[in-house]
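Read left to right, the sequence shown gives residues 4 to 177 (our numbering).
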Amino acid sequence: MKKTLVLFAHPYFEHSTTNIRLLECYESMPNVTFRDLYEDYPDFHIQAFRERKRIVDFERIIFHFPIIWFGLPPLLKLWIDEVFDMRWISEGQLNILSGKDALVITSVGGSENNYSKEGKYKTTAESLLTGLQVSLDINNIELKKTHIIYNADNLDDKQLDVSCEELSEILKTE
């Protein structure tokens, strides 16, 4: 497996049975470094230089988070704003992030039907991730897969087992 950095951002993690279970998938994976942004930066003072230096060492970045109020968690958005700084990527030489790939693992509280053009929210969960997708693209990071877990607030143990199996299979893909 590629050397992988998991950037986890969940402001209400202690209330998320789904994400608590999903994080167990990373424990047995080789070459995975797990980072909880809300644990690392409770004051929201991101050390951008340190983060840029750190991500250079990885071939893959996994962005794992819930969609909150139809967008990224605030700390993840801030991390992207500060670490993927346009001045940093346009200093005239090869972008050091070029050639890396990414996975997006996200959860939503609503059903898949609610996240459709005809559904309650009149938009798809994928469309709510456009800003992240553009940020990856501008940095020449290839988005390999977006995996969305619907009804995350209401999954029973069997459904959580299935979600964990799906995530484990996704993580094994190169």
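We treat Cβ as the ideally placed atom computed from N, Cα and C, and that holds for glycine.
- The shortest C-alpha to C-alpha distance from Ser130 to any of Ile70, Asn157, Lys56 and His13 is the one to Ile70.
- For Glu145, the enclosing beta strand (DSSP E) stretches over residues Glu145 to Ile152.
- Pairing Val9 with Ile99, the inter-Cα distance amounts to about 18 Å.
- DSSP, read as helix, strand or coil, puts Asp84 in helix.
- Straight-line measurement puts the Cα of Lys6 at about 12 Å from the Cα of Lys175.
- Straight through space, the alpha carbons of Phe52 and His18 are spaced by roughly 32 Å.
- Taking every protein chain shown into account, the CB of Trp82 has 16 or more other CB atoms within 10 angstroms, so this residue is buried.
- Check the Cα spacing between Asp104 and each of Ile144, Thr149 and Asp156: the tightest is with Ile144.
- By the C-beta criterion, the stretch 44-62 is judged not to be in contact with the stretch 110-122, since fewer than 3 inter-stretch pairs fall below 8 Å.
- Looking at the DSSP output, His13 bridges to nothing.
- 7 Å or more divides the Cβ of Leu78 from the Cβ of Leu106.
- Separation of His150 and Ile141 (C-alpha to C-alpha, rounded to the nearest whole angstrom) is 21 Å.
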